[in-house]
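Here the sequence shown is numbered in our numbering, starting from 6 and rising by one per residue. All residues carry an ideal CB built from backbone N, CA and C; glycine is no exception. Quantities reported herein were computed from a predicted structural model and do not represent experimental measurements.
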Amino acid sequence: MRTEGNRVVPSQRTAAQATGTGKAVTPPAPHRRPPYRTDSAEARLRYWFDTVLTRGTPALVGWLALACLLLVVPVSALLVWTDDHAPASLSSRIAAVWRNTGQTLRLGGEVGPPLRVALSVLLALIALLYVSTLVSLITTGITDKLIALNRGHSTVLERGHTVVLGWSEQIPTVITELVTGQVSAVRRSRAVVTVLADRVKTAMEEELRTAVGGTGRTRVICRTGRPADPTALARVSPAAAESVLVLPRDSPRDDAETVKTLLSLTAAAGEHHPARVIAAVRGDRHLTAARLAGGPRATVLHTDDISARLLAQYARAPGLSHVHQELLDFAGHEFHTLPAPGPAGLTFKKASARCPESCGAGLVRGDGTVLLNPPADTRLEPGDRLVVVAEDDGPAHPAEPPVPYDPTALAVAPPPAPTPPERYLLLGWNRRAPLLAHRLSLSTPPGTTLDVVTEPTAATRAAFRSVTDAVGHRLTLVHHPGDPTRPEAPAARDLARYDAVIVLGPDSRRGHEDPDDRTLVTLLHLRELQRRGGHPLHVVAELTDDRSLLIAPRTAATDFVVNGRTIGLLMTQISQNPHRAAVFEELFAPDGNSVHLRPAAHYVATGRPTSFATVVESAARQGACAIGYRSHEHAATAPHHGVRLNPPKSHVRHWHPADQVVVIAPGD
Numbered sequence: 006m007r008t009e010g011n012r013v014v015p016s017q018r019t020a021a022q023a024t025g026t027g028k029a030v031t032p033p034a035p036h037r038r039p040p041y042r043t044d045s046a047e048a049r050l051r052y053w054f055d056t057v058l059t060r061g062t063p064a065l066v067g068w069l070a071l072a073c074l075l076l077v078v079p080v081s082a083l084l085v086w087t088d089d090h091a092p093a094s095l096s097s098r099i100a101a102v103w104r105n106t107g108q109t110l111r112l113g114g115e116v117g118p119p120l121r122v123a124l125s126v127l128l129a130l131i132a133l134l135y136v137s138t139l140v141s142l143i144t145t146g147i148t149d150k151l152i153a154l155n156r157g158h159s160t161v162l163e164r165g166h167t168v169v170l171g172w173s174e175q176i177p178t179v180i181t182e183l184v185t186g187q188v189s190a191v192r193r194s195r196a197v198v199t200v201l202a203d204r205v206k207t208a209m210e211e212e213l214r215t216a217v218g219g220t221g222r223t224r225v226i227c228r229t230g231r232p233a234d235p236t237a238l239a240r241v242s243p244a245a246a247e248s249v250l251v252l253p254r255d256s257p258r259d260d261a262e263t264v265k266t267l268l269s270l271t272a273a274a275g276e277h278h279p280a281r282v283i284a285a286v287r288g289d290r291h292l293t294a295a296r297l298a299g300g301p302r303a304t305v306l307h308t309d310d311i312s313a314r315l316l317a318q319y320a321r322a323p324g325l326s327h328v329h330q331e332l333l334d335f336a337g338h339e340f341h342t343l344p345a346p347g348p349a350g351l352t353f354k355k356a357s358a359r360c361p362e363s364c365g366a367g368l369v370r371g372d373g374t375v376l377l378n379p380p381a382d383t384r385l386e387p388g389d390r391l392v393v394v395a396e397d398d399g400p401a402h403p404a405e406p407p408v409p410y411d412p413t414a415l416a417v418a419p420p421p422a423p424t425p426p427e428r429y430l431l432l433g434w435n436r437r438a439p440l441l442a443h444r445l446s447l448s449t450p451p452g453t454t455l456d457v458v459t460e461p462t463a464a465t466r467a468a469f470r471s472v473t474d475a476v477g478h479r480l481t482l483v484h485h486p487g488d489p490t491r492p493e494a495p496a497a498r499d500l501a502r503y504d505a506v507i508v509l510g511p512d513s514r515r516g517h518e519d520p521d522d523r524t525l526v527t528l529l530h531l532r533e534l535q536r537r538g539g540h541p542l543h544v545v546a547e548l549t550d551d552r553s554l555l556i557a558p559r560t561a562a563t564d565f566v567v568n569g570r571t572i573g574l575l576m577t578q579i580s581q582n583p584h585r586a587a588v589f590e591e592l593f594a595p596d597g598n599s600v601h602l603r604p605a606a607h608y609v610a611t612g613r614p615t616s617f618a619t620v621v622e623s624a625a626r627q628g629a630c631a632i633g634y635r636s637h638e639h640a641a642t643a644p645h646h647g648v649r650l651n652p653p654k655s656h657v658r659h660w661h662p663a664d665q666v667v668v669i670a671p672g673d
């Protein structure tokens with residue numbers, strides 16, 4: 006023990022012995038209260054002033070007016086009390102002080118004793134300081150408001166508008182087609198498209214101005230915010246929108262963000278919001294989750310699967326891409342649903358014949374079921390609508406009697422012959438290649454072979470083995486290791502033996518080269534090989550950027566699948582008419598009814614002028630819907646590659662044996 010003052014403190018040794026540890030124990034430091042803060046008056050005043058500044062322009066203007074009055078009123082009182090001609094009564098002097106206060110800006114010209122002149126000058130300086138500060142505050146407030154608006158955080162108060170969530174390669178196509186499609190300005194004088202993305206508002210507006218150009222009567226409003234955030238979603242009023250488009254992310258790994266966006270949309274707009282929702286995911290991992298998150302009113306597209314379907318169809322039908330482009334593009338003819346012309350009970354064939362300015366393609370039953378290319382004798386029931394290919398929403402002018410056809414020009418298609426095995430060459434590999442092989446295995450005849458040229462990496466070899474195990478019993482896959490961009494690849498030396506050559510670019514990855522670069526190089530070599538060999542070569546190429554299509558080497562028999570543009574067009578079409586989802590689902594499927602290009606000689610007698618009504622009648626007798634034709638003489642030079650959809654039924658032309666008729670019919 007040791008003594009400190011009047012206290013007895015145990016020594017460290019005694020404390021260690023008491024604990025039984027043999028170690029010295031340091032006693033805890035006594036608790037100390039924090040010292041009392043003594044801020045100076047200047048610091049308190051500065052803190053108060055900083056607090057006022059954070060309250061915004063209205064608070065600053067109010068404090069400025071109060072400070073001005075505290076200076077002007079006393080000085081005005083001194084001016085009145087030092088005036089020899091001031092009124093005698095107190096009330097009159099107070100009134101004079103009030104008048105001087107109100108006329109502060111007009112002072113500064115007083116004469117008389119030096120004190121009055123000095124007071125007058127002081128008032129003028131106070132007034133000048135007040136006005137200049139007030140103008141500065143108002144200017145700053147307006148500037149802050151404009152900056153806040155430019156940040157894109159204000160709420161859009163619209164109804165019946167279209168909401169686009171996210172920013173991806175589809176955005177220019179989607180906005181362009183919405184501007185063109187909402188030229189359904191037959192229905193409304195103006196349209197509004199709102200874009201919500203996690204980007205700077207001004208940058209989005211500038212990019213859209215560059216990519217889209219003028220938007221006419223359609224207003225495009227950009228807002229900044231994360232689409233997966235319900236608070237940000239509320240800024241674009243999704244509950245009051247007519248349709249909501251959720252764009253796919255850049256990578257399949259980001260599809261989970263699309264699922265979160267759909268969940269946030271439900272949280273922001275409610276479970277039973279009336280808006281049509283169209284979303285897209287790239288991979289199949291989150292496809293089911295996205296459909297569950299979107300609910301029964303949502304349409305979720307699988308972009309990789311759609312691209313694979315189109316590649317497989319174009320490989321088997323040269324020129325089909327130009328037909329799909331016309332059907333998907335709002336600038337041309339597309340699918341519409343119209344009230345069935347005539348009384349209930351008409352057959353589908355007779356109802357279609359009553360539409361001289363559109364081509365019948367199917368029915369929408371009263372319960373929403375879509376029947377594409379139904380049997381000609383199918384009866385229309387009350388509430389049914391006709392699916393037609395038409396230029397806009399207003400072509401349903403029934404004709405009575407229907408446009409006549411020439412029975413002497415009707416032709417009969419030859420009996421179907423057994424389809425021999427086909428052979429395809431695939432140059433390149435990406436995540437859509439397994440889906441492409443699967444689609445080819447479902448649509449091609451038995452014995453079909455797919456030669457694949459890929460770089461000999463462990464990943465591609467493993468993927469190829471997996472695909473072979475999945476489709477090997479329906480499609481023969483042959484792997485040729487090598488560089489698909491080099492013309493001397495062993496499998497590409499004899500191109501004449503292939504029905505089509507399919508070119509795929511690598512998967513796009515951040516920080517790597519553009520996938521289209523390798524595709525363009527491969528197309529250059531293929532064009533040169535075709536020139537040397539002198540034989541026609543059907544090429545199907547996949548591109549990711551719509552701008553690459555402008556510079557891509559091509560021939561008359563080249564079909565392109567531009568992923569971003571195709572998905573953007575499809576989403577926009579469905580957003581304007583939900584029945585189109587079922588129509589395109591069947592058209593792009595390997596079985597069922599789809600679009601075909603068949604020889605004109607299968608339907609009409611060639612070598613003579615015949616109306617298109619005769620083609621429609623002949624196709625209906627053969628269980629198909631004729632919706633257009635492709636002229637052989639314009640296939641390589643015309644802007645639409647000779648494709649003309651929905652010609653008037655009275656249209657007469659001289660049919661050539663090389664012409665093709667565009668029909669919706671069951672698969673071959």
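query	result
What residue range is occupied by the uninterrupted alpha helix (DSSP H) comprising Ala-467?	463-476
Just the Cα atoms here: how many angstroms apart are Pro-652 and Ser-269?	45 Å
What is the C-beta distance between Thr-577 and Val-179, in whole angstroms, given that I count them as a contact (C-beta under 8 Å)?	6 Å
Counting pairs of Cβ atoms below 8 Å between the segment 247-256 and the segment 163-173, do you hit three or more?	yes
Mapping DSSP to helix, strand and coil, what is Phe-593?	coil
Would you mind working out which of Asp-255, Ser-256 and Ala-280 sits nearest Leu-267, comparing C-alpha positions?	Ala-280
Between Tyr-634 and Arg-613, how many whole angstroms is the CB-CB distance? I'm expecting something under 8 Å.	With a Cβ gap of about 15 Å, Tyr-634 and Arg-613 do not count as contacting.
Pro-583 to Val-282, Cα distance in whole Å?	9 Å
At the 8 Å Cβ level, is Leu-385 part of the contact set with chain B, yes or no?	Looking at the structure shown, chain B is missing, and only one protein chain is on hand.
Would you list the residues sitting across from Pro-486 in a DSSP beta bridge?	Thr-459
Secondary structure at Ala-670, three-state DSSP: helix, strand or coil?	strand
Which residues in the same chain have their Cβ closer than 8 Å to the Cβ of Trp-86, if we skip the five residues on either side of it in sequence?	Arg-98
Do Val-472 and Ala-442 count as a contact pair if the criterion is CB distance below 8 Å?	yes
Check Arg-222 in the structure and name its three-state DSSP category.	coil
Leaving out the 5 sequence neighbours to the left and right, which residues in its chain are closer than 8 Å to Gly-371 when beta-carbon positions are compared?	Glu-386, Pro-387, Gly-388 and Asp-389
On a CA-only basis, which of Tyr-319, Gly-275 and Asp-289 is nearest Arg-302? Give me that one, please.	Gly-275
In the segment 377-401, which residue ranges form an unbroken beta strand (DSSP E) of at least 3 residues, counting only runs that do not cross its ends?	390-395
Expressed to the nearest angstrom, what Euclidean distance is found between the alpha-carbon atoms of His-659 and Gly-628?	24 Å
Could you pull the DSSP bridge partners for Thr-342 from this structure?	Val-392
To which residues of the same chain is Gly-597 closer than 8 Å at the C-beta, ignoring the five residues directly before and after it?	Leu-377, Glu-591, Pro-671 and Gly-672
Can you tell me which of the three DSSP states Ala-624 falls into?	helix
Identify whether Asp-260 lies in helix, strand or coil by the three-state DSSP scheme.	helix
Out of curiosity, what's the CA-to-CA distance linking Leu-500 and Arg-428?	10 Å
Under the assumption that Val-225 contacts Val-241 (Cβ atoms under 8 Å), give the Cβ distance between them as a whole number of angstroms.	That belief does not hold up - the Cβ atoms of Val-225 and Val-241 are roughly 12 Å apart, past 8 Å.
Please name the residue or residues paired with Phe-565 in a DSSP beta bridge.	Ala-546
With DSSP run on the structure shown, which of helix, strand or coil describes Leu-112?	Only weak support exists for where Leu-112 lies, its pLDDT of 49 falling under 50; the value from the coordinates is given anyway. Here Leu-112 sits in coil by DSSP.
What are the boundary residues of the alpha helix (DSSP H) that Leu-445 is part of?	438-448
Report the three-state DSSP secondary structure of Pro-407 (helix, strand or coil).	coil
Whose CA, out of Ala-237, Phe-593, His-607 and Gly-324, lies closest to the CA of Pro-420?	His-607
By alpha-carbon positions, which one of Phe-469, His-485 and Pro-232 ends up nearest to Ala-272?	Pro-232
Would you call the segment 527-538 in contact with the segment 557-577, where contact means no fewer than 3 C-beta pairs closer than 8 Å?	yes
What's the C-alpha gap between Gly-337 and His-656?	18 Å
By a C-beta neighbour count over all protein chains shown, 10 Å radius and 16 as the cutoff for buried, is Val-136 buried or exposed?	exposed
Beta-carbon within less than 6 Å of Ala-294's beta-carbon, same chain only, minus the 5 sequence neighbours each way: which residues are those?	Val-264
Does DSSP classify Thr-352 as helix, strand or coil?	strand
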